[in-house]
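Structure, as C-alpha cells:
Here you go:
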C-alpha cells in the first residue's frame, strides 16, 4: 500500500489529473468513481485498455470480493485514504480511479460506416467542461454517430468532462481537427447536409428533413459560431423561443437538434 504523497506513482497521477499536456504525452486519461470504473470492466464495442487501477484503502476493504476481478483486468495499487484524497479530482473521493489508454478514431468511425445515415455534431470552440460532457451524454442517447471538435475546444480528457459524460466518452466516436472548415468540406463531399442553428435561419429546426446524413454546427457558449464556420452550413435553422431569452445554452440547443433527428428517423 502506498502511504506517501511523495511516491513517484502518486506524483505522476497528480500530473495526469491536472495537466492536459501530461495526459497527451502519455496517451491516457483518468476515470474516477465506481460507476464509470465499473463500465471499464464490461465487454463493449470498445473494451478500453486499462493501464492501472488505484483503490483507496477503505474502498478495497469494503469491496474485497471485487478485487480478483479488478486484478484480472489491470494492474492494481492500493493507496491510503489520505493519499487517494490527494490525487482525486473530487471533493468526496469515491475510492477508485483508473488510468486508461486513449482510442484513436478515424473519420469513418464518425460517419458510423454509412454516410447516408450519419448523424454528426461539429463543435466550434466550445469551452465549458460541463457543456461538453452533457453533449456527449445526450449525443449517445440521441443516436449521434460521432462528434467533431475544433482543436480549441475544451479537452475531452479533462477529468470534469470525463465524469459528466457518464460513460458516453467510451462509446461515442470523436475527432479533434485542426482545420474545421476543411473537415466540414469532407462531410459535404460525403453528401452530408450541414446545418447551423442561426438567427438568420428562415425555417424552424423541425421543418427540415434529417432522414439522410446530416451534421449540426454548434458554437461557443458566449459568442456562438465563428462567421467562417457558420458560412460552411448548407442551411440555417432557427429554434423558435418565447419570452425574452435571446439564446439557449449550447448543450440544450444541441439536444433539441439531436433529438429532432432521432424523432424523425424513428418515424421513417
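Residue numbers (the numbering used here): 207 to 474.
Positions of the beta carbon are idealized from the N, C-alpha and C atoms, including for glycine.
Since this is a predicted model, take the numbers as computed values, not measurements.
Is the distance from the Cβ of residue 259 to the Cβ of residue 305 below 9 Å? yes
Following the continuous alpha helix (DSSP H) through residue 391, name the residue where it begins and the one where it ends. 386 to 395
Suppose the cutoff is 6 Å on Cβ atoms and the five residues either side in sequence are ignored; what does the same chain contact list for residue 343 look like? 371, 372, 374
Looking at the structure shown, is residue 381 part of a helix, part of a strand, or coil, going by DSSP? strand
Buried or exposed for residue 248, going by 16 or more other Cβ atoms inside 10 Å? exposed
Quick check: the Cα distance between residue 333 and residue 339, rounded to an integer number of angstroms? 11 Å
Cβ shell of residue 467 (< 6 Å), same chain only, five flanking positions each side left out: 325, 416
Would you mind working out which of 385, 349, 438 sits nearest residue 402, comparing C-alpha positions? 438
Pick from 430, 352, 307, 309 that is closest to residue 319, judged by C-alpha positions: 352
For the candidate residues 262, 357, 379, whose alpha-carbon lies nearest to that of residue 210? 262
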